[in-house]
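Here is the structure we will look at.
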Amino acid sequence: MTRFGKRTVLGAALALALPAIGHAQGTYPTRPITMIIPFAAGGPTDTVGRLIAQAMGTELGQPVVVENVGGAGGTLGAQRVANARPDGYTILLHHIGMATIPTLYRRLAYDPINGFETVGLVTEVPMTLVARRNFPATTLAELVQVARRERERLNYANAGIGAASHLCGLLFQKALDTPFTTVPYRGTGPAMNDLLAGTVDLMCDQTTNTTEQIRAGTVRAFAVTTPQRVASLPDLPTAAEAGLPGFEVSVWHGLYTPRATPRPVVERLNRALVAALRDEGIARRFADLGTAPVPVERATPEIHRTFWQADIQKWRPLIQAAGQYAD
Ligand code: ASP
Numbered sequence: 407m408t409r410f411g412k413r414t415v416l417g418a419a420l421a422l423a424l425p426a427i428g429h430a431q432g433t434y435p436t437r438p439i440t441m442i443i444p445f446a447a448g449g450p451t452d453t454v455g456r457l458i459a460q461a462m463g464t465e466l467g468q469p470v471v472v473e474n475v476g477g478a479g480g481t482l483g484a485q486r487v488a489n490a491r492p493d494g495y496t497i498l499l500h501h502i503g504m505a506t507i508p509t510l511y512r513r514l515a516y517d518p519i520n521g522f523e524t525v526g527l528v529t530e531v532p533m534t535l536v537a538r539r540n541f542p543a544t545t546l547a548e549l550v551q552v553a554r555r556e557r558e559r560l561n562y563a564n565a566g567i568g569a570a571s572h573l574c575g576l577l578f579q580k581a582l583d584t585p586f587t588t589v590p591y592r593g594t595g596p597a598m599n600d601l602l603a604g605t606v607d608l609m610c611d612q613t614t615n616t617t618e619q620i621r622a623g624t625v626r627a628f629a630v631t632t633p634q635r636v637a638s639l640p641d642l643p644t645a646a647e648a649g650l651p652g653f654e655v656s657v658w659h660g661l662y663t664p665r666a667t668p669r670p671v672v673e674r675l676n677r678a679l680v681a682a683l684r685d686e687g688i689a690r691r692f693a694d695l696g697t698a699p700v701p702v703e704r705a706t707p708e709i710h711r712t713f714w715q716a717d718i719q720k721w722r723p724l725i726q727a728a729g730q731y732a733d
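At position 230 of the sequence shown (counting the first as 1) the number is 636 in the numbering used here, and the numbers step up by one without a gap.
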């Protein structure tokens, strides 16, 4: 066959194939989508993810099924998505860990920066410093005294290195210059169960997991980690008000697909995400849990990527200064 002939056959094959690809993307999704939550069921990332997944599924006309892949500070779930087929049927809802893991982990079985496409930002959630209900301190100042006295005798629960609860604990220990014993879980849902049972002493976790327990008095709360108080917990002081200025961290969430997911698929997912962020039921539930959907104009793949990259740079020197790595 001549080169020309080959080209003609190849051209004809491409002409046949291209409409099929275009058609597949045009009708995406044709089957259920799996949303990986990289922490255990019942925790705050799971709470946010399930609300968003349900609304996205309604808009997409296909269920978005949540699968919890907890462990190793959220890296196991992220790895699963980074290594999945980039076809839009496996997506990841992750949090601030996406910005700390590239520094915390010097060896990973996936690329924590270039392994993903960004779909959009979802929400930003304050954290709260809480203890078992019979903890021998009622204010942050008293907690600091107890912590400095008891040091490693205190058990601090977190969701592994890379979790928001890990980051908050790292900042708290650094602010006090006092180490605690850390107890890692696959997510702060199970960690909360142990805090309620009194088998661990302390935790720092999103309001999406702690609000109801704080209101019910089943955990002791000391401070919220944002510059302003949260409307859903008006009596809880900020860390700065309670005596620890500069102790600030809030947990942002974003939606991702594997790298090289076709742009029309990312755009379709983004439209569904924006619909979820506009859902009044979700906004009400978020508000009750101390958070809010991001304004839809910020929920673009580009703004998400820029924000994420800037956050990697923001946390890198702090993590390096703390000198605590996963390996
Ligand atoms: N809130 C957890 C964290 O510390 C994760 C979770 O269980 O959602 O990152």
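Each residue gets a CB set at the ideal place from its N, CA and C atoms; glycine is no exception.
Three-state class that DSSP yields for residue i in the structure shown
i	result
Ile709	helix
Leu577	helix
Phe522	strand
Val472	strand
Gly593	coil
Asn561	strand
Leu582	helix
Pro743	In the structure displayed, the chain extends from 407 to 733; residue 743 sits before or after that span and is not available.
Ile427	The pLDDT assigned to Ile427 is 42, lower than 50, so where the model puts this residue is not dependable; a value taken from the coordinates is nonetheless given after this. In the structure shown, Ile427 sits in a helix (DSSP, three-state: H, G or I).
Pro453	Just to set this straight, residue 453 is Thr in the shown sequence, not Pro. Helix at Thr453.
Leu514	coil
Thr587	strand
Phe541	coil
Asp733	coil
Ile725	helix
Ala446	coil
Ala693	helix
Lys412	With a pLDDT of 37 at Lys412, under the threshold of 50, the modelled position of this residue cannot be trusted; read the value that follows with caution. Residue state, collapsed to three classes: helix.
Asp717	helix
Ile567	coil
Thr436	coil
Arg554	helix
Asn676	helix
Arg704	helix
Nearest residue (CA-CA) to residue i, options the options
i	options	result
Pro438	Arg538, Glu465, Ala629	Glu465
Ile725	Thr529, Val475, Arg512, Gly649	Arg512
Thr451	Gly480, Met462, Pro469	Gly480
Leu577	Gly467, Leu499, Arg456, Pro651	Pro651
Pro585	Leu560, Ala569, Gly477, Ala648	Leu560
Glu473	Gly494, Ile443, Phe628	Ile443
Val630	Thr587, Gln619, Val655	Val655
Val475	Phe628, Leu535, Gly483	Gly483
Gly448	Ala553, Ala648, Gln612, Leu573	Gln612
Leu527	Arg677, Asp600, Glu548, Ile620	Arg677
Thr697	Ile688, Thr436, Tyr495, Glu703	Ile688
Thr545	Ala622, His501, Arg626, Arg711	Arg626
Ala570	Met441, Asp493, Leu549, Trp721	Trp721
Leu535	Ile567, Pro723, Ile620	Ile620
Leu549	Gly649, Asn615, Ala603, Ile497	Gly649
Ala646	Val657, Thr632, Pro640	Thr632
Ala728	Leu510, Pro492, Pro435	Leu510
Ile567	Val589, Thr624, Ala716	Val589
Leu498	Arg554, Thr440, Thr529, Ala553	Thr440
Phe445	Ala478, Pro435, Val657	Ala478
Ala547	Phe628, Val636, Met533	Phe628
Asp493	Pro723, Leu514, Asp717, Arg674	Arg674
Asn812	Thr587, Trp714, Thr616	The structure shown does not extend to residue 812, since the chain spans only 407 to 733, so no value can be given for it.
DSSP bridge partner residues for residue i (one or two, in chain order)
i	result
Asp611	Thr534
His501	Per DSSP, none; premise fails for His501.
Met791	The structure shown does not extend to residue 791, since the chain is modelled only from 407 through 733, so no value can be given for it.
Leu549	DSSP output for Leu549 lists no bridge partner at all.
Thr464	For Thr464, which the question treats as bridged, DSSP gives no partner whatsoever.
Leu527	Gly660
Residue i Cβ short of 7 Å to ligand 2 heavy atom set
i	result
Gly503	Ligand 2 is absent from the structure shown, which contains only ligand 1.
Open item on the list: Closer than 8 Å is the cut-off here; do at least three beta carbon pairs connect the segment 447 to 462 with the segment 670 to 684?
Closed with: yes
Task: Contained alpha helix (DSSP H) runs [length at least 4] in the segment 597 to 674, N- to C-terminal order - done: 613 to 622
Open item on the list: Taking 8 Å as the cut-off, does the segment 520 to 527 touch the segment 484 to 504 (at least 3 CB pairs, one atom from each stretch)?
Closed with: yes
TODO: Report yes or no: do three or more beta-carbon pairs, one from the segment 659 to 679 and one from the segment 534 to 544, lie closer than 8 Å?
DONE: no
Open item on the list: So, does the segment 606 to 620 touch the segment 561 to 569, judging by three or more C-beta pairs under 8 Å?
Closed with: yes
Open item on the list: With three or more beta-carbon pairs closer than 8 Å as the criterion, would you say the segment 684 to 700 touches the segment 665 to 676?
Closed with: no
TODO: Take every Cβ of the segment 499 to 506, pair it with every Cβ of the segment 590 to 598, and state whether three or more of those distances are shorter than 8 Å.
DONE: no
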